[in-house]
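A quick write-up on the structure given underneath.
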């Protein structure tokens, strides 16, 4: 279908530049699924942190920028440094299968644990 066609387009992409103020969700996941590095500028609001969350969970954080200047620098470095770009892509490919991003059951357990911790914290504060 269209999803498969869209994902195969990532085979000709070297880098994905994430958008602001609404960072990628499915577009980031598709890029990671295809082993394509994603440069993201983390913000404060939820919509500005989706890609940050995905990359952090994956353990590939060297393409996360905390400022506009850092975003530009990371994007230019990835574009100009084939060795680093290849390294980041191989880290994505290596880490993805064992991550919750590719394992729905593991992700669900991790989310359940987070909910449990949040509830325990809320209960502890109430007593």
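Numbering (my numbering), first residue to last: 29 to 155. We put the CB at the ideal spot given by N, CA and C, even for glycine.
Terminal residues of the beta strand (DSSP E) in which residue i lies
i           : result
residue 116 : It is not in any beta strand (DSSP E) - residue 116 instead sits in the alpha helix (DSSP H) that spans 110 to 123.
residue 68  : 66 to 69
Bounding residues of the alpha helix (DSSP H) (the contiguous stretch that carries residue i)
i          : result
residue 41 : Element bounds for residue 41: n/a, residue is neither H nor E.
residue 85 : 78 to 86
residue 35 : 30 to 36
Sequence-distant residues of the same chain with beta carbon closer than 6 Å to residue i, five excluded per side
i           : result
residue 41  : 64
residue 135 : 128
residue 123 : 86 and 87
Backbone secondary structure at residue i - three-state DSSP
i           : result
residue 107 : helix
residue 136 : helix
residue 72  : coil
residue 93  : strand
residue 63  : coil
residue 147 : helix
residue 130 : coil
residue 51  : coil
residue 56  : helix
Spatial neighbours of residue i in its chain, beta-carbon cut-off 7 Å, leaving aside the 5 residues before and after
i           : result
residue 35  : 58, 61 and 62
residue 130 : 124
Whole-number beta carbon distance between residue j and residue i, since they are thought to touch under 8 Å
i          : j          : result
residue 93 : residue 67 : 7 Å
residue 79 : residue 56 : 5 Å
Residue burial classification, residue i (beta-carbon count within 10 angstroms, cutoff 16)
i           : result
residue 82  : buried
residue 89  : exposed
residue 53  : exposed
residue 75  : exposed
residue 32  : exposed
residue 51  : buried
residue 111 : exposed
Spatial neighbours of residue i in its chain, beta-carbon cut-off 8 Å, leaving aside the 5 residues before and after
i           : result
residue 154 : none
residue 73  : 49
residue 210 : In this structure the chain extends from 29 to 155, so residue 210 is not present and cannot be described.
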